[in-house]
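Taken in order, the sequence shown gives residues 22 to 308; the numbers are from our numbering.
In what follows, a structure is listed as structure tokens, so that the remarks can point back to it.
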Amino acid sequence: MAAYRLGSLTKAAKHLDITQPAVSQQIRTLEAQIKKPLFVRHARGIIPSAIAHALARSIGTHNDALEASFNAVQARATNIAGTIHIAGPGEYLSAKVIPLIASLMEREIRVRIHTGGKDRIYALLDEGAIDLAFTASLPNSRTLDYQQIESETLVMVATPDWIQRKLDQPLDINQLLAQPLIAYDEDLPLIRQYFREVFERTPEVQAAVTVADLRTVRQLILAQQGYSVLPLYLCRAQLQQSQLALIHSPKQSPTNHLNLVWNRGNLRHPRVAFAQRHFLVQLQSRM
Numbered sequence: 022m023a024a025y026r027l028g029s030l031t032k033a034a035k036h037l038d039i040t041q042p043a044v045s046q047q048i049r050t051l052e053a054q055i056k057k058p059l060f061v062r063h064a065r066g067i068i069p070s071a072i073a074h075a076l077a078r079s080i081g082t083h084n085d086a087l088e089a090s091f092n093a094v095q096a097r098a099t100n101i102a103g104t105i106h107i108a109g110p111g112e113y114l115s116a117k118v119i120p121l122i123a124s125l126m127e128r129e130i131r132v133r134i135h136t137g138g139k140d141r142i143y144a145l146l147d148e149g150a151i152d153l154a155f156t157a158s159l160p161n162s163r164t165l166d167y168q169q170i171e172s173e174t175l176v177m178v179a180t181p182d183w184i185q186r187k188l189d190q191p192l193d194i195n196q197l198l199a200q201p202l203i204a205y206d207e208d209l210p211l212i213r214q215y216f217r218e219v220f221e222r223t224p225e226v227q228a229a230v231t232v233a234d235l236r237t238v239r240q241l242i243l244a245q246q247g248y249s250v251l252p253l254y255l256c257r258a259q260l261q262q263s264q265l266a267l268i269h270s271p272k273q274s275p276t277n278h279l280n281l282v283w284n285r286g287n288l289r290h291p292r293v294a295f296a297q298r299h300f301l302v303q304l305q306s307r308m
């Protein structure tokens with residue numbers, strides 16, 4: 022399974038902490054048993070055969086379940102001290118994940134936190150440099166697995182004074198699109214989703230300001246620099262205190278799914294398996 026998911030005998034050996042010849046021998050033994058080739062070797066790694074794909078689909082989830090159970094028992098029975106690497110959007114880590122880290126530190130687990138864009142986070146996950154990541158997207162790699170942890174409600178907000186000065190009632194979408202838009206990046210994530218699902222329209226505009234931290238987006242809105250779409254958890258307090266207001270109240274607000282993603286090979290480390298289970302239990306209980 023390690024060779025299949027990583028596409029390399031050398032990488033599989035590194036993940037399993039055994040030698041590359043040992044991996045090669047085990048693969049040859051399995052091929053002899055089933056009398057079929059599992060991989061085609063080439064200069065840059067290995068390519069799975071049709072029988073390898075079928076075998077992986079058949080045994081992969083069972084193998085993962087057995088390994089997860091073993092790691093959970095090992096985590097309870099042994100010292101799991103060490104370092105884990107976690108990545109995700111800074112605002113989500115700050116609001117939801119940081120409060121859960123104390124339980125890891127009590128087990129002498131050191132935590133290293135990384136932030137960055139989706140492409141960087143998935144590259145580091147694939148390499149095994151990051152153990153766990155919180156993302157709003159799904160992985161597209163055999164080396165990674167995931168579980169949904171929660172759904173966040175999306176709301177379109179600005180300050181009450183800004184809304185009163187800038188927008189007519191009832192809401193005119195063209196008038197809204199002419200106003201300064203504050204966004205996470207140039208692709209307008211969350212904003213595009215909101216417009217497509219609520220207004221059945223794709224916003225063909227550029228943001229007035231982009232900043233890769235939704236907490237800063239929120240501060241710019243509070244400073245009456247424009248409007249944006251935010252996860253409700255990030256502006257619930259400001260809405261309750263009337264510092265922010267909803268620009269639009271749809272019958273059904275869009276939602277954004279959040280996932281915990283992990284490198285399958287890294288779950289071999291009991292501390293990573295313990296942290297993964299800890300986050301899943303704590304965060305999924307709030308869904």
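Ideal placement from N, C-alpha and C gives every residue a C-beta, glycine not left out.
So if DSSP puts residue i in a beta bridge, which residue, or which two residues, is it bridged to?
i    : result
L192 : DSSP lists no partner for L192.
T276 : T174
Y248 : L202
Q168 : L281
G66  : H63
T104 : R131
L267 : V178
L209 : Note: L209 sits in no beta bridge, so no partner.
F155 : L281
V230 : I203
Once the 5 residues before and after residue i are set aside, which same chain residues still bring their CB inside 7 Å of it?
i    : result
R222 : I194, F216
P58  : E52, S70
R26  : R163, T164, R285
P201 : A229, Q246, G247
P224 : L198, L209, I212, R213, F216
D206 : T231, A233
H83  : none
Ignore the nearest five residues each way along the sequence and tell me which others in residue i's own chain have a CB closer than 8 Å to its CB.
i    : result
I67  : A24, G28, S29, L30, F60, V61
T40  : A34
I48  : A24, L30, L59, F60
R128 : I101, A102, R292, F295
Looking only at its chain, what residues have a beta carbon closer than 6 Å to the beta carbon of residue i, apart from the 5 residues adjacent to it on each side?
i    : result
L37  : A23
P252 : E173
L145 : I151
V44  : L30, A33, A34
P275 : L175, Q214, Y215, E218
Q259 : L265
R131 : T104
Apply the 10 Å Cβ neighbour rule to residue i and answer buried if 16 or more other Cβ atoms are within range, or exposed otherwise.
i    : result
T104 : exposed
Q297 : buried
I80  : exposed
P110 : buried
E171 : buried
I184 : buried
M177 : buried
V282 : buried
N287 : buried
V302 : exposed
F142 : The question names Phe, but residue 142 is Ile in the sequence shown. With 16 or more other Cβ atoms within 10 Å, it is buried.
T156 : buried
I55  : exposed
H74  : exposed
P191 : exposed
T180 : buried
D166 : buried
R78  : exposed
With residue i and residue j assumed to form a contact (beta carbons below 8 Å), what rounded beta-carbon distance in angstroms separates them?
i    : j    : result
E112 : D208 : Their Cβ separation, rounded to whole angstroms, is 17 Å, which puts E112 and D208 out of contact at 8 Å.
H278 : Q168 : That pair is no contact at about 11 Å.
A89  : A154 : Not confirmed; about 18 Å, so no contact.
S270 : I203 : Not confirmed; about 20 Å, so no contact.
H290 : S124 : That pair is no contact at about 17 Å.
F295 : I101 : 5 Å
N280 : L159 : 7 Å
Any beta carbon from chain D within less than 8 Å of residue i's own beta carbon?
i    : result
L288 : Absent here is chain D; the protein component of the structure consists of one chain.
Examine the Cβ distances between the region 137-144 and the region 112-129 and report whether three or more of them are shorter than 8 Å. no
Per the contact definition of three or more C-beta pairs closer than 8 Å, is the region 235-251 in contact with the region 264-279? yes
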